[in-house]
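Residue numbers (the numbering used here): 23 to 121.
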Amino acid sequence: MRKSVHLIAAYLAKHDMQVTVELRGDQAEETILRENPDLVLLDIMLPGKDGMTICRDLRAKWSGPIVLLTSLDSDMNHILALEMGACDYILKRRPLLFC
């Protein structure tokens, strides 16, 4: 996860966007409310608190866009994410391995 987070952060920063990275789910909500970002990219699988729960809890306090960016490829997770208040659900594709 950390490698993809830093790649995404570097790409956004290169395009003149201010980026704040929070790697722990149990600290994410506090960081988001303090920073009040224009957009939240949120992974579902985070240590401390999962992204679905963070998304649901944030919706009661914050109205900005939340996009879940995850490797969990199931229709049920996609539906649940949207029901929890996410604006979109983007699947991180795993590279193919050819032997």
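Even for Gly, the Cβ is constructed at its ideal location relative to N, Cα and C. Being a predicted model, the structure only gives us computed values, none of them experimental.
Of all alpha-carbon atoms in Ser26, Ile101, Met106, Arg46, the one lying nearest the alpha-carbon of Ile88 is that of Met106.
Taking the CA atoms as reference points, Val43 sits about 8 Å from Val27.
DSSP places Leu113 within a strand segment (E or B) once states are collapsed to three. The Cβ-Cβ distance between Lys25 and Ala50 does not fall below 8 Å. The straight-line gap separating the alpha-carbon atoms of Gly73 and Leu64 is approximately 6 Å.
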